[in-house]
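First to last, the sequence lines map onto chains P and F. Numbered according to the numbering used here, the first sequence spans residues 6 to 314. Numbered according to the numbering used here, the second sequence spans residues -9 to 535. In this text, a Cβ means the ideal position worked out from N, Cα and C, and glycines have one as well. Keep in mind it's a predicted model, so treat the numbers as computed, not measured.
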Amino acid sequence: MILLLQYTIVFTSVLMLVALGGCFSEHSGVINIGLEGIMVFGALGGALVMRYLPDDSAGVVVVLLCVLAAMAAGALYSLLLAVASINFKADQTLVGTAMNLLGTAAATVLVKALNTAANPNNPSATIEYDRGPFQIVPNMEFNWLAVIAIAILVLSYVILYKTKFGLRLMSCGEHPQASASVGINVYKMRYAGVLISGLLGGLGGLTYITAGVGKWQFEQGVAGFGFLALAVMIFGAWKPFRIALAALLFGFFRSLSNVYKGFDFLKDLMPGAVYNMLPYIISLVVLIIFSKNSAAPKAEGIPYEQGMR
Amino acid sequence: MKTGILIVGILCLVLAGTLWILGQPPILAVVLAAVGAVLLMNSKDKKGIEATPFLKKQAVQTILASLLCILLGLLIGYIVLLIINPEGAWKALSTIMQNFWSFSSERGQIKNFGNTLVKTIPLLMCSLSILFSYKVGLFNIGAAGQYVAGAGAALYCAIALQMPWWVCMIAAALAGGLLAAISGVLKATRNVNEVISGIMLNWICLYLVNMLLTPCQDINMAETFSLKKSNPGAMIPTLGINSLLNNHQYVTIAIPMAILIAVLIWYVMTKTKLGYELRATGLNKDAAKYAGMKGHFNIILTMTISGALAGLGASMLYLTDTAKWPSAVASVPAMGFNGIAAAFLGGLHPIGAIFSSFFIQHITDGGSFMEKTYPAEIASLVSSVIIYMCAFVLYFRQTMTKAVDGREERRRAKLVSQVRSAMHGELEGELSGIVQAEIEKSVGQDPAEAPERTADAPVEMIPAPDVLPKVQLKKEDAAPLDDLLERAAVTWDDDDDDGLVPIGVEGSVTSVQEKKDKKEKKDKKEKKDKKDKKDKKDKKGGSDK
């Protein structure tokens, strides 16, 4: 039971962070399918920092530096999407897909190169690190990053709905021409949206890999979590607190697929593969129910050109 | 006839034929033949300004843009290789690019060429699936799941149900189609974003197929049974095609079948009513609905066809026994996602997809032959960078169009200014001549003995008054004016008074014919004047002693 709770918190915080990032990007009008690639790069940044920091650093320093590194890596990688879709008016779905593929490939190449340089007999794409500093209670999965995730949730709500910046950001995704006519720089706002999604996505990636394992194989990227976060975002109708609830639902079912073997009555209820499928089936059902009145930002996906009607 | 282009085109075709006969790698011959054909098609002169300039043709632009994407991708891959280990970087890159040619023996070359071909086919089918749905405005990211569904159905029918190969292929197509139809129905009726539903169905399908194929697993090998042993009848027949490639064991009729399907898709999209309706729905859903096309039905039909293509592609790989399904696949196979790359690199055209999928598979296989100091994922890094660059294709094409348009505009402006200055010069020349004559008359010089005003010789006479601009133009140069005017399609209106009036000339500029008449009149008048003056002078001269 405790394990279920722990896993739920972990997966919820991951999904929530990444979905909030996607939410910022889509509110500014840029569809961000490349969340998976951003997660991989954020995880890579954080893992590298964790691996190469001296062993006797204070816990707080480790956590802080890793978080900053992950955010920076994610933001840098999201620049690819920003430049392509805002300056060059590229197709955002295609750029996102390219970023996903590129993220996994680039991370694998980088890690393998580093590992081979350190030890020529070790061409693996794994990084090992010590997650000790991240755990609030040792040997339990309660992660400082989960606390950070909740803080960011509240912060997102405040920024989006209670500050000038956030409201202007949302207006750029609904009707950029109207925003431009009032004097808002739509390009800058969209850049801000995509970069914020990079920050949060990177942090989500770091949370994902520090949860539960002491090493991470970068060949598998993030095992499809970025796409799950997309579904959470759409399920949560692009609103922060609904995203949190959706992430909770998802996280619960996803962790159930990991721990069902510990519960006898669950083990006999359904075959194991069904538990694996459960989060996706549930999300599909929910999407079927809730997509009819989709409240997507109206101008998302349409490249913005100044002066266009 | 643009003779230069025609000659180069014919040369290319002849070279291609020679290479083919000499037995060189057929790829080079095919590429040369394609280039020659394109050049031949463009060697006919289209009249004047109605022809689309070569660089503005959509096909040319797309091909050039794709080539640029490939170059940039390879360049970035090379930089990464250099960073990792500068010494072997060039060799590694050339291995990636050469793939099977990097083998020294011809047997090795042909064997690996066959391997690449066999793996190109599912990639081609997936890319066809993606581009078919993209033309209708749907991004079928669920192609990966439909691929998995097709693989599962094909293998299950082959191993568990012991069906012949064509039944397995039909089953695979049906499975893929059904899965995609779910996405389509959800999109059409409940407005569920097909990207998300596709991703969800990808994962659901993966786990389902894992469950389905458990009885087909060979416990010793942790993958499905080899088809050769369990059900040879399920393997796609070769029909002697593999004799072209040294009896390669995996080359089957799937290869020409896939190419035929690509051509069929092109035909359906461009030449049939259904294709027209689908493309219209993709370009503007509301307009298509307004015109009476059934939107919902079209979306569902498109997704079904896409899914069937992807499922069929999976069957074309697994039924040749090239690959087997491992016992517990953890993540969705990358074939569906690489299909996106191939579709966009091919410019979203079925025939282009053939070449682009071959290219992507070529570099992927080439990556596996690199030395072990470099990770094999470099090839997928290069592919992903190429897809990323493909997103800029629209920008490349816009830049090319702008460059061509700019050149056109400058050429026309030069033509127009030439015409105007020519007409100016002629008028001015004549008028200056008349004024000159008057001035000489008053000064007493014989106008008939005045030196001819040519463009080269500087005028050694009393300079004309400054109010008239000096333009020196041979009278003979006025003749091509008509041709120039016609080609520039410039007509000058009588009443056109929008500032085209040159300074110092009375009245507006008139049409060519009227200009000619005016010129004749002036000539006659001049001659008459000259004659009169001469007579007067003679008379005068006679009285001047």
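CB contact below 8 angstroms: residue i versus chain F
{"i": "P/K94", "result": "yes"}
{"i": "P/F232", "result": "yes"}
{"i": "P/T131", "result": "no"}
{"i": "P/K297", "result": "yes"}
{"i": "P/M282", "result": "yes"}
{"i": "P/P276", "result": "yes"}
{"i": "P/G198", "result": "no"}
{"i": "P/I189", "result": "no"}
{"i": "P/Q11", "result": "no"}
{"i": "P/A304", "result": "no"}
{"i": "P/D117", "result": "Checking the sequence shown, residue 117 of chain P turns out to be Lys, not Asp. By this cut-off, P/K117 is an interface position."}
{"i": "P/Y309", "result": "no"}
{"i": "P/Y285", "result": "yes"}
{"i": "P/Q225", "result": "yes"}
{"i": "P/G229", "result": "yes"}
Below-8 angstroms beta-carbon distance, residue i vs any chain P residue
{"i": "F/S321", "result": "yes"}
{"i": "F/W315", "result": "no"}
{"i": "F/V258", "result": "no"}
{"i": "F/A171", "result": "no"}
{"i": "F/Y137", "result": "no"}
{"i": "F/R180", "result": "yes"}
{"i": "F/A381", "result": "yes"}
{"i": "F/N183", "result": "yes"}
{"i": "F/V126", "result": "no"}
{"i": "F/D486", "result": "Only weak support exists for where F/D486 lies, its pLDDT of 47 falling under 50; the coordinates are left without a value."}
{"i": "F/E361", "result": "no"}
{"i": "F/G497", "result": "Its pLDDT being 49, under 50, F/G497 is placed unreliably in this model, and the coordinates cannot settle the point."}
{"i": "F/V70", "result": "yes"}
{"i": "F/V108", "result": "no"}
{"i": "F/E516", "result": "no"}
Cβ-Cβ distance between residue i and residue j below 8 angstroms
{"i": "F/A248", "j": "F/L335", "result": "no"}
{"i": "P/Y196", "j": "P/I91", "result": "yes"}
{"i": "P/G171", "j": "P/G34", "result": "no"}
{"i": "P/Y134", "j": "P/P245", "result": "no"}
{"i": "F/L121", "j": "F/A333", "result": "yes"}
{"i": "P/V199", "j": "P/S83", "result": "yes"}
{"i": "P/I239", "j": "F/N183", "result": "yes"}
{"i": "P/G382", "j": "P/L204", "result": "Missing from the structure shown is residue 382 of chain P; chain P here goes from 6 to 314 and no further."}
{"i": "P/L20", "j": "P/V237", "result": "yes"}
{"i": "P/V85", "j": "F/Y378", "result": "Before going on, a small fix: residue 85 of chain P reads as Leu here, not Val. Yes, Cβ-Cβ distance for P/L85 and F/Y378 is below 8 angstroms."}
{"i": "F/L5", "j": "F/Y364", "result": "no"}
{"i": "P/M282", "j": "F/Y137", "result": "no"}
Of the residues the options, the one placed nearest residue i, counting alpha carbons only
{"i": "F/T242", "options": "F/L309, F/L164 and F/L118", "result": "F/L309"}
{"i": "F/K362", "options": "F/I100, F/A82, F/A49 and F/G(-1)", "result": "F/A82"}
{"i": "P/G256", "options": "P/S176, P/A278, P/E224 and P/L233", "result": "P/L233"}
{"i": "P/G207", "options": "P/T17, P/A242, P/L261 and P/A77", "result": "P/A77"}
{"i": "P/Y12", "options": "P/G50, P/R259 and P/V65", "result": "P/R259"}
{"i": "F/F215", "options": "F/L176, F/I149 and F/R410", "result": "F/I149"}
{"i": "P/V15", "options": "P/N124, P/L86 and P/F230", "result": "P/F230"}
{"i": "F/V50", "options": "F/F386, F/K404 and F/H414", "result": "F/F386"}
{"i": "F/F103", "options": "F/K392, F/K523, F/I353 and F/V375", "result": "F/I353"}
{"i": "F/P246", "options": "F/V21, F/D507, F/L107 and F/K511", "result": "F/L107"}
{"i": "F/A170", "options": "F/C116, F/L203, F/Q152 and F/I209", "result": "F/C116"}
{"i": "F/L307", "options": "F/G142, F/E399 and F/V406", "result": "F/G142"}
Nearest-angstrom beta carbon gap, residue j and residue i [assumed within contact, 8 angstroms]
{"i": "F/V322", "j": "F/G135", "result": "7 angstroms"}
{"i": "F/S371", "j": "P/A110", "result": "Checking the sequence shown, residue 371 of chain F turns out to be Leu, not Ser. Between P/A110 and F/L371 the Cβ distance is about 4 angstroms, and since that is below 8 angstroms, they are a contact."}
{"i": "P/A75", "j": "P/L211", "result": "4 angstroms"}
{"i": "P/T215", "j": "P/L150", "result": "7 angstroms"}
{"i": "F/G174", "j": "F/A298", "result": "No, F/G174 and F/A298 are not in contact; Cβ-Cβ is about 12 angstroms, not under 8 angstroms."}
{"i": "F/V375", "j": "F/I73", "result": "Contact flag wrong, Cβ pair sits at about 14 angstroms."}
{"i": "P/G47", "j": "P/G79", "result": "4 angstroms"}
{"i": "F/G265", "j": "F/S119", "result": "Actually they do not touch by this definition, with Cβ atoms about 15 angstroms apart."}
{"i": "F/V185", "j": "F/A139", "result": "That pair is no contact at about 18 angstroms."}
beta-carbon residue i near the ligand ATP non-hydrogen atom, thresh 7 angstroms
{"i": "F/G78", "result": "Summarising the ligand content, the structure contains no ligands, and the ligand ATP is consequently not present."}
Within 8 angstroms of chain F by C-beta, residues of the segment 21 to 48 of chain P in sequence order
I38
Using a Cβ-Cβ cutoff of 9 angstroms, what residues of the segment 75 to 90 of chain P are near chain F? List them in chain order.
L85, A89 and S90
Closer than 9 angstroms, Cβ to any Cβ of chain P: which residues of the segment 326 to 350 of chain F, in chain order?
F327, N328, I330, A331 and F334
Give the residues from the segment 193 to 212 of chain F that approach chain P closer than 8 angstroms (Cβ to any Cβ), ordered along the chain.
W193, I194, Y197, L198, N200 and M201
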